[in-house]
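Q: Just so you know, the protein sequences line up as chains A and B, in that order.
Note that this note's numbering has the first sequence beginning at 21, numbered continuously upward.
Note that this note's numbering has the second sequence beginning at -3, numbered continuously upward.
Just so you know, even glycine gets a beta-carbon here, dropped at the ideal spot from N, CA and C.
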Amino acid sequence: AQSVTQLDSHVSVSEGTPVLLRCNYSSSYSPSLFWYVQHPNKGLQLLLKYTSAATLVKGINGFEAEFKKSETSFHLTKPSAHMSDAAEYFCVVSEPSGTYNYIFGTGTRLKVLA
Amino acid sequence: GAVVSQHPSWVICKSGTSVKIECRSLDFQATTMFWYRQFPKQSLMLMATSNEGSKATYEQGVEKDKFLINHASLTLSTLTVTSAHPEDSSFYICSARSGQGRGTEAFFGQGTRLTVV
Chain A
21 AQSVTQLDSH
31 VSVSEGTPVL
41 LRCNYSSSYS
51 PSLFWYVQHP
61 NKGLQLLLKY
71 TSAATLVKGI
81 NGFEAEFKKS
91 ETSFHLTKPS
101 AHMSDAAEYF
111 CVVSEPSGTY
121 NYIFGTGTRL
131 KVLA
Chain B
-3 GAVVSQHPSW
7 VICKSGTSVK
17 IECRSLDFQA
27 TTMFWYRQFP
37 KQSLMLMATS
47 NEGSKATYEQ
57 GVEKDKFLIN
67 HASLTLSTLT
77 VTSAHPEDSS
87 FYICSARSGQ
97 GRGTEAFFGQ
107 GTRLTVV
């Protein structure tokens, strides 16, 4: 069965410093992986996705993630945090069966300090 | 990216009444729509999956008679919370996909905050 683990429920960084949000997955197949961001009382916005092409995926707003099969990881990074990056981030794996339903991680709340 | 519009963004209703939430894909045809429930500071919990023209598939533990889902067209799905009670208060989010391939991304509505008083 597919599963995804977000290792940190909360991450705090200072503005201008790097961001690292960790995600590990479990899959018997070659997975599709996504990162979504959710601002308070809003829906989810896709940041980036991995679907078996390049292992380093670049997304919107300066975010990128690297798929590492050997480590079963898909960590999200950004070189320099902005105040507007403060939000909830979800790592998602798409299971390769049926309708490829999403399996969500528990989320990581990013706080950016001035 | 594609746009999914969810309406209303928030609603307050009295206990015992029913509330309908709409989810529309504005610029693509959604073969599959998903309804999620999100409790405060928690992840999204899938409630049901619906394909246009067929009955929704509900996740275990979700009452199909209480949460009525209709996916009558390729651009519209509705969730009706029947006989709402305070414990149904939550944030409900829909998402839509145009295909079923492994890499097909889902687009999310902005969510509906339901408060039952």
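Quick one: does S114(A) have its CB under 9 Å from some CB of chain B?
A: Position 94 of the first sequence, counted from the start, is the residue given in the question as residue 114(A). At least one chain B Cβ lies under 9 Å of S114(A).
Q: Quick one: what's got a C-beta closer than 6 Å to L53(A)'s C-beta in the same chain, skipping five residues either side?
A: Counting from 1 along the first sequence, the entry for residue 53(A) is found at position 33. If we look at L53(A) and ignore the five residues flanking it on each side, its Cβ neighbours are Y70, F94 and V113.
Q: Taking the alpha carbon of M103(A) as the point to measure from, which residue in I123(A), P38(A) and T126(A) has its own alpha carbon closest?
A: In the first sequence, residue 103(A) corresponds to position 83, counting from 1. Selected option, being the one with the closest Cα: P38(A).
Q: Ignore the nearest five residues each way along the sequence and tell me which others in L22(B)'s own chain have a CB closer than 6 Å to its CB.
A: Reading the second sequence from its first residue, position 26 is the one you call residue 22(B). Closer than 6 Å at the Cβ level, and outside the excluded window around L22(B), lie V(-1) and S1.
Q: Per DSSP, which residues does K98(A) bridge with? Please list them.
A: Stepping through the first sequence from its first residue, residue 98(A) is reached at position 78. K98(A) pairs with V39(A).
Q: Name the chain B residues that come within less than 7 Å of T126(A), Cβ to Cβ?
A: As a working mapping, residue 126(A) is identified with position 106 in the first sequence. Here the neighbours are S39.
Q: Nearest-angstrom Cα distance between G12(B) and N66(B)?
A: Along the second sequence, one-based indexing puts residue 12(B) at 16. Along the second sequence, one-based indexing puts residue 66(B) at 70. Distance between the alpha carbons of G12(B) and N66(B): 21 Å.
Q: Within its chain, find whatever has a CB closer than 6 Å to the CB of L27(A); leave out the 5 residues flanking it on each side and keep chain order.
A: In the first sequence, the residue the question calls residue 27(A) occupies position 7. Around L27(A): R42.
Q: So L64(B) and S85(B) are in contact, right, with Cβ under 8 Å, and what is the actual spacing, rounded?
A: Within the second sequence, residue 64(B) is the residue found at index 68, counting from 1. Within the second sequence, residue 85(B) is the residue found at index 89, counting from 1. With a Cβ gap of about 18 Å, L64(B) and S85(B) do not count as contacting.
Q: Expressed to the nearest angstrom, what Euclidean distance is found between the alpha-carbon atoms of L64(A) and I89(B)?
A: Numbered from 1 along the first sequence, position 44 holds the residue referred to as residue 64(A). Numbered from 1 along the second sequence, position 93 holds the residue referred to as residue 89(B). Straight-line Cα distance between these residues: approximately 9 Å.
Q: Can you tell which of S29(A), H30(A) and P51(A) has the C-alpha that lies nearest to the C-alpha of N121(A)?
A: Sequence index remark: in the first sequence, residue 121(A) carries index 101 (1-based). For the residues S29(A), H30(A) and P51(A), the minimum Cα distance to N121(A) belongs to P51(A).
Q: Contact defined as beta carbons within less than 8 Å: I believe V170(A) pairs with A85(A). What is the distance between those atoms, to the nearest angstrom?
A: With chain A covering 21 to 134 only, the question about residue 170(A) has no answer from this structure.
Q: Under 8 Å by Cβ, that's how I've got F110(A) and F87(A) pegged, so tell me the actual separation to the nearest angstrom.
A: Translated into the one-based positions of the first sequence, residue 110(A) becomes position 90. Translated into the one-based positions of the first sequence, residue 87(A) becomes position 67. Wrong, their Cβ atoms sit about 17 Å apart, outside the cutoff.
Q: Using a Cβ cut-off of 9 Å, pull out every chain B residue sitting near G63(A), in sequence order please.
A: Taking the first sequence and counting its residues from 1, one reaches residue 63(A) at position 43. Residues of chain B passing the Cβ test: V0, Q2, I89, C90, S91, F103, F104, G105, Q106 and G107.
Q: Are the C-beta of F35(B) and some C-beta of chain A separated by less than 9 Å?
A: Counting from 1 along the second sequence, the entry for residue 35(B) is found at position 39. False, the Cβ-Cβ gap to chain A never drops below 9 Å.
Q: On the three-state DSSP scale, how would you describe E86(A)?
A: The sequence position of residue 86(A) within the first sequence is 66, counting from 1. Note: E86(A) maps to strand in three-state DSSP.
Q: Count the other C-beta atoms from every protein chain shown that fall within 10 angstroms of the C-beta of I80(A), then say buried if there are 16 or more, exposed otherwise.
A: Locating residue 80(A) in the first sequence gives position 60, where the first residue counts as 1. Exposed, because fewer than 16 other Cβ atoms sit within 10 Å of the Cβ of I80(A).
Q: Bridge partners for Y122(A) per DSSP, in chain order?
A: Position 102 of the first sequence, counting from 1, holds the residue named residue 122(A). Answer by DSSP bridge pairing, in chain order: S114(A).
Q: Let me see if you follow: with CB-CB separation under 9 Å, is F110(A) close to chain B or not?
A: If you number the first sequence from 1, residue 110(A) lands on position 90. Yes, contact with chain B.
Q: Assign T75(A) to buried or exposed, taking buried as 16 or more other Cβ atoms, counted over all protein chains shown, within 10 Å of its Cβ.
A: Along the first sequence, one-based indexing puts residue 75(A) at 55. Exposed, because fewer than 16 other Cβ atoms sit within 10 Å of the Cβ of T75(A).
Q: For a contact defined as C-beta to C-beta under 7 Å, what are the partners of L75(B) on chain A?
A: Taking the first residue of the second sequence as position 1, residue 75(B) is located at position 79. What L75(B) touches in chain A: nothing, since even the nearest Cβ is about 14 Å away.
Q: Please name the residues in the region 39 to 71 of chain B whose beta-carbon is closer than 8 Å to at least one beta-carbon of chain A, in chain order.
A: So the close ones are S39, L40, L42, T45 and N47.
Q: Report the rounded CA-to-CA distance for K62(B) versus A134(A), giving the unit in angstroms.
A: Numbered from its first residue, the second sequence carries residue 62(B) at position 66. Numbered from its first residue, the first sequence carries residue 134(A) at position 114. Roughly 45 Å separates the two Cα atoms.
Q: Count the other CB atoms within 10 Å of the CB of I8(B); is the residue buried (16 or more) or exposed (fewer)?
A: Taking the first residue of the second sequence as position 1, residue 8(B) is located at position 12. That one is exposed.
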